[in-house]
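Residue numbers (my numbering), protein chains in the order written: chain C, -8 to 334; chain V, 773 to 1385.
Just so it is clear, CB atoms sit at the ideal spot from N, CA and C, and this is done for glycine as well.
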Amino acid sequence: MAEFKYTAADFKSDQEVRWCPGCGDHAILNAVQRALPEIADATDTPHNKFTFVSGIGCSSRFIYYMKTFGFHSVHGRANAVATGVKTANPDLSVWVATGDGDSLAIGGNHFIHAIRRNVDLNMILFNNEIYGLTKGQYSPTSKLGKITKTSPYGTVEKPFNPGELVIGAKGSFFARSIDMEVMLTKECLVAAAKHKGMSVVEVLQNCVIFNDKTHALFAGDKATRQEHTITLQHGKKMIFGAKGDKGLVFENMKLKVVTIGEDGYTEENLLTHDAHEKDTTLHSMLAAMKYPDYPVAVGVIRDVDDPVVYDLGVQQQVEEVKAQSKIRCMDDLLRSGATWEVE
Amino acid sequence: MEQNKVQELHDVVIRFSGDSGDGMQLTGTLFSDTAALEGNGISTFPDYPAEIRAPQGTVAGVSGFQVHFGDHRELNPGDYCDVLVAMNPAALKANRKWLKRSATVILDGDSITEDNLKKAGFATLDPIEELGLGDYNIVAPDITSLTREALKDTGLDNRAIVKCKNMFALGICFWLFDCHEDHAFHYLESKFQKKNPLIAEANKLAIKAGYNFAANTHQLASHYRVAPAQLEKGTYRTISGNVATAWGLMAAAEKAGLPLFCGSYPITPATVILEELAKRKDLGVKTVQAEDEIAGICTAIGAAYAGNFAVTSTSGPGLSLKSEALGLAVMIELPLVVVDVQRGGPSTGLPTKTEQSDLVQALYGRNGECPLIVVAASSPSDCFHYAFEAGRLAMEHMTPVVLLTDGFIANGSEPWRIPSMSDYPAIVPPIVETAPEGGFMPYVRNEKLARGWAFPGKTGLEHRVGGLEKDAVKGSISHDPANHQKMTYLRAEKVKKVADYIPEQSVYGDAEGELLVVGWGGTRGHLQNAVDQLREEGKSVSLCHFNYINPLPKGVKEIFAKFKKIVVCELNEGQFANYLRQQFQEFQYEQFNKVEGQPFTIVELKEKFETLL
C-alpha cells in the first residue's frame, strides 16, 4: 500500500463515537477516515483545508468524530451552509455528511439546488430509509407500504431514488456504495473528491435499531451482494453474479439482465460502463435499477466533466470585474456617479 | 392672463402620480436628483402598488413619487403637496386627500375620458367638480397629444411616443421650478444611448417640449425658484436607504479587511440591497441568490464560518423563515448581519408599504433564550452608518445583528455629504491566527465575551461547532445542566455588554421639559420636524430617538426621568412602548401608533402632542 502524508488516525477526533453498536455509520466513518489520506495526496489538500458540514440526524453527528474543521448545522440546511463555506473560500475541501431525511425531506430544496449549481462539494448521503434519531418514522426513501411508527398501516407514498434525483437535477457525479463495503465506499469517495463540481455518494446504510436489514435482500451478505448488485466500473463490461455469468444489455429501450452463454448472449453483447457520458439516459436507468428485477448498481455511476462550477464561477467573475473596474475601494465608490460640491 | 413672474420659495412638495406603467418613479427620481444637484435639500417618498402593472386607469393601480425640496435640509418627504402631477383621473382621485389647500394640479387633459373616469370610479364627467377642486389651480394641457405632436418626426411608433409623456410632464415641472435639464439629459443618454439612441433623443425632446410649452403658453400663472440649501461644506450625492445599507455593509467589510458575502433571496422592499451588492464584484463582494430565504441566511452563516463578513437581506416574511438559522448563528456565535427592511404585515401584508412591526420578531422571534443585537436606521442616508455599525458590532462581538430599516427609508432618498472612509474606525474582529499552547479552545472569550474566530484553512485550529449546547470552553457537545445555565448567561451577557461599546442615548431639544417624544428607526424625520415646529411655537417638547434597540444605550433612564410625560410614537401597535415598559417599569408611557402602511404626517403628530401638553 502506498505511503500517504497523513494516516487515518490524523482524521480521528477525540470524541467518543456514540452511534448504536452495529450501526452502518461506523463503517462509513471508517471508510472516510481511510479515504482522506489518499484524497489529501491525490488532490494536494493539506489537513487544515478539510471541512465537514452536516445537518441534523444520526448521520450528521459525523462531523464531531472527524479531526477536521466541522460544522453541525440545523436540520436540512447542510447543503446551504456548505455552499456558503465553499463559495466564501473555494480553496477548502468541503464535505457534507447528511441523511435521507436531512437532504431529501426537509432539505430537499437545498439538495437539488446545490446539485444544479454544481458547487464543488462532496456529499456523503447516508440512506437508511428511516428517521433514526427520532426513533423510527418513515423517510422519503422508505419503501411503499413500509410500516413504521408514523405509518402503522404502511406508507401510501412512493420513495425517492436519490440517484434519479441527482441526475434529474443536472448532477455531474453520482456514486453508490453499501456501508459494509468499506473499500468500495473509499473508492467512491476518492473519485468524488477528484471530481470538480458537486459529487454525491449515496451509501446504503443499515439502521440496526429501527430499520434493520432494509437493504438485506440484495446487500445482506457478501454472497447476496454478488448476486444482486452490480459494481460499475468505467470502461468495464457490466457483469455481475457470484459466478460472474450475468450481465446487462440494452434492448427495446430498456435494460435487461441476461446470462452469458444463454439465449445467444455473449460477453460481447453486454453494455460497457461509460461514467463520463454526458447523456443522462443510461446513468438514470442504472441508478434506478431495483431489486428484485435488476441488480442494484453500486460504484461510480456518473462522473461527467462539467466546466460550470459555481464557486469557481463566482470567484472568476470577482477577479474579472476587479481587473476592469475603476472602483477599487469604498472611497472610489462613494465618489462615483453624480455628486456636487457645497462650498 | 398675467405675466409670468418668478417667486422665491423656501419649501415645495411635488407629487408625481400616474398608472404604474407611466414611469412615475423615474420621473420623480429625475426631478429630485436635479433638485439635489442644484443644491436643494430633498427628501423623497416613492409610494407604489405591489403589482408591476396594476389594472390600468384604476385608483388601485396608481403609482406615486413625492419629492420635498427646499432651501434647507429636508427631514421628510412632506405630508401634503403643493403640486400634483396626475397623468390620469385615477391619480387625481387617489391623491385628492394629499393636496394642500389651493395646490396646483397638472392633469393630462387627454386622459379625461368617459372610460377613464369610469375606471377611476367617478360618478360624473367632471372630476374637478366632483372632487371639490374648484378653488384649486388646475391646469389640464393635453399632455399625450402634445407629446405625440412634438415627437411626430422621431420615427418612433405611437406606442413608444406615448411612453414619453412622463418626460413632457417633467419638462413642465422643470420650467415651473426653474430647473436645469442637464442632469435628466445626461441620465437619458447614459441609459438609452447604447441600447436605442432614438429613445434617448425622443425623451429629451419630450422634456424640452414640455418646458417650452409651459414657458410659452402661460397656463401656469407663476414659476418659482427654490434657493440652494445651506448645507455643511463637502461633496454630496443623493442616496436611497437600500443603497446606503449595501454600501455601509461594504464599508464595514473594508474596515475589517474581510471579503463581504451576501446570501439572499429577492423580497420587496429589500431586493435593491442584493442587487446593489451583486454589482460590486470590483470590491470583492460575493453574492449568492439562494433558492430560498433559509438558504440565504444559511449560505451566509457558512461564509461567516469560512471567514467572510457575511450578511443576508430580507423583509418581515423572510425574517420569519430565517428564524431557526438565526438561532444557530446565536448558538455558534458567529458574526452575521441580517437586514430586515420592514413592510406592512403580517404574512404577505402590504409588500410595498412601510411599517415598523417586525421589532418584536427581531428581538424575540426564535426558539430558546436567544438574544442578539438589534439596531435600527432612521433616514435613507444614515442606513450607511447603521449598516456599518451593525457590521462592527457583529464582527467585534461575534454575534448576529438584526438591522431594521423600513420601506419608507429604504426607497426614499436624500442628499448625503459623502464621508471619507478614513473617518471610520478600523473593525477588529477576534480572529485567531495560530493555536495557543495547549490547543485552540473555540469558546474561550475575550473582555467583550466574544469567542475567537478561527477560519477553516488555518493550521492547528481544526475544531467543531454546532447547534447543540457546547462546553463553555472546549466547545464539545455538553448536556451538563450547569454548563447550559452558564452558556445561556454568557450569550445574554455578551449582548448586554455591547452597551459599553455604543454611544450613550442623546436627547434632541431641551434635556428636560413637559413632553418627551420617543421614537425609533425610520420615523425620525417626521418626529423631529413635528418637535421642531412645536418648539418654534414655544412648546416644551423634546425628542429621544433610538437607533440602538438591543441593548439599549446607557443614559435612557436619566433622560426619561426629566420629562413630565413620555409619548412613544411608532408605526405599529406599540411594540417599542411595551419593550420600554419591560425595561423601565417606573415610567408611564403614552402611545401614538399608526398602521396604515404610510409614514406619520407632521399634522397628526402635532395634533397628538398638543393633546398631551
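1074/V is the residue among 836/V, 945/V, 1074/V, 966/V whose C-alpha sits nearest the C-alpha of residue 81/C. One finds 1228, 1229 in chain V with Cβ atoms closer than 9 Å to the Cβ of residue 40/C, taken in chain order. The beta carbon of residue 862/V is closer than 6 Å to those of 829, 830, 831, 834, 892 in its chain, skipping five residues each way along the sequence. Distance from residue 1087/V to residue 1041/V at the Cβ level is roughly 6 Å; contact confirmed, criterion being Cβ atoms closer than 8 Å. In the three-state reduction of the DSSP assignment, residue 47/C falls in the coil class. When secondary structure is reduced to three states using DSSP, residue 792/V falls in the coil class, being assigned neither helix nor strand. DSSP places residue 801/V within a helical segment (H, G or I) once states are collapsed to three. Going by C-alpha positions, residue 1327/V is about 22 Å away from residue 1173/V. Residue pairing of residue 1177/V in beta bridges, as defined by DSSP: 1113/V. Taking residue -2/C as the centre and dropping the five residues before and after it, the same chain places the C-beta of 28 closer than 7 Å to its C-beta, in chain order.
Interface residue (Cβ-Cβ distance to chain V less than 9 Å): residue 59/C is classified as such. In the DSSP assignment, residue 909/V falls within the beta strand (DSSP E) that extends over 909 to 911. Distances from the alpha-carbon of residue 1265/V to those of 994/V, 1322/V, 947/V, 1314/V put 1322/V closest. Counting only Cβ-Cβ distances below 8 Å, residue 320/C has contacts in chain V at 1026, 1055, 1193, in chain order. DSSP, read as helix, strand or coil, puts residue 812/V in coil.
Note that the region 835 to 846 of chain V touches the region 791 to 804 of chain V; at least 3 beta-carbon pairs, one per stretch, sit closer than 8 Å. Per the C-alpha coordinates, the member of 124/C, 174/C, 192/C, 142/C positioned closest to residue 152/C is 192/C. Assigned with DSSP and collapsed to three states, residue 1362/V falls in strand.
Taking C-beta atoms under 8 Å as the contact rule, residue 847/V and residue 815/V qualify, at a distance of about 7 Å. In this structure residue 91/C touches residue 118/C by the C-beta definition: roughly 5 Å separates them, less than 8 Å. When rounded, the separation of the alpha-carbon atoms in residue 1081/V and residue 216/C is 49 Å. Counting along the chain, residue 917/V sits inside the alpha helix (DSSP H) bounded by residues 915 to 922. When secondary structure is reduced to three states using DSSP, residue 30/C falls in the helix class.
Secondary structure at residue 1316/V: strand, using DSSP grouped into helix, strand and coil.
In this structure, DSSP gives residue 209/C a helical state, which the three-state scheme calls helix. Taking 9 Å as the CB threshold, residue 324/C lines the interface with chain V.
In the structure shown, residue 1261/V falls within a helical segment according to DSSP collapsed to helix, strand and coil.
Neighbourhood of residue 316/C in chain V, by CB distance below 7 Å: 1054, in chain order.
Residue 106/C has a beta carbon lying at 9 Å or more from every beta carbon in chain V. Per DSSP, residue 88/C is one residue of the beta strand (DSSP E) stretching across 84 to 90. With the rule of 3 Cβ pairs closer than 8 Å, the region 1270 to 1289 of chain V counts as touching the region 1308 to 1316 of chain V. Residue contact with chain C for residue 1152/V: absent (no Cβ-Cβ distance below 9 Å to any residue of chain C). Counting every other CB atom within 10 Å of its CB across the protein chains shown gives residue 1275/V a total below 16, marking it as exposed.
Interface annotation for the region 1026 to 1044 of chain V against chain C: 1026, 1031, 1033, 1035, criterion Cβ-Cβ distance under 8 Å. A distance below 9 Å separates the beta carbons of residue 166/C and residue 183/C.
Contact annotation for residue 1019/V against chain C: 321, 324, 325 [CB-CB distance below 9 Å, chain order].
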